[in-house]
Amino acid sequence: MIASALALEQDYGIGTTWAGSRDFAEKIAALILSRFCRKRVEVRNAR
């Protein structure tokens, strides 16, 4: 999860250091978690 957040951070050039972009990291973590939860719900509904 952190690796993908780091990759996103590098792609978008947001926050040059991890310490300076803790807010960004939290937003990315929330985004990934919400997307993951949505996928689980979709899988459950598909069955």
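Residue 0 is where the sequence shown starts when you use numbering that gives the first Met the number 0, and the numbers rise one by one after that.
Each residue gets a CB set at the ideal place from its N, CA and C atoms; glycine is no exception.
All values reported here derive from a predicted model rather than from experimental measurement.
Reduced DSSP secondary structure (H/G/I, E/B, other) of residue i
{"i": "residue 46", "result": "coil"}
{"i": "residue 38", "result": "helix"}
{"i": "residue 14", "result": "Bear in mind that a pLDDT of 47 at residue 14, under 50, signals an unreliable position, so the number given afterwards is only what the model happens to contain. Coil, per DSSP."}
C-alpha gap between residue i and residue j, whole angstroms
{"i": "residue 27", "j": "residue 35", "result": "12 Å"}
{"i": "residue 22", "j": "residue 33", "result": "16 Å"}
{"i": "residue 41", "j": "residue 25", "result": "24 Å"}
{"i": "residue 44", "j": "residue 37", "result": "10 Å"}
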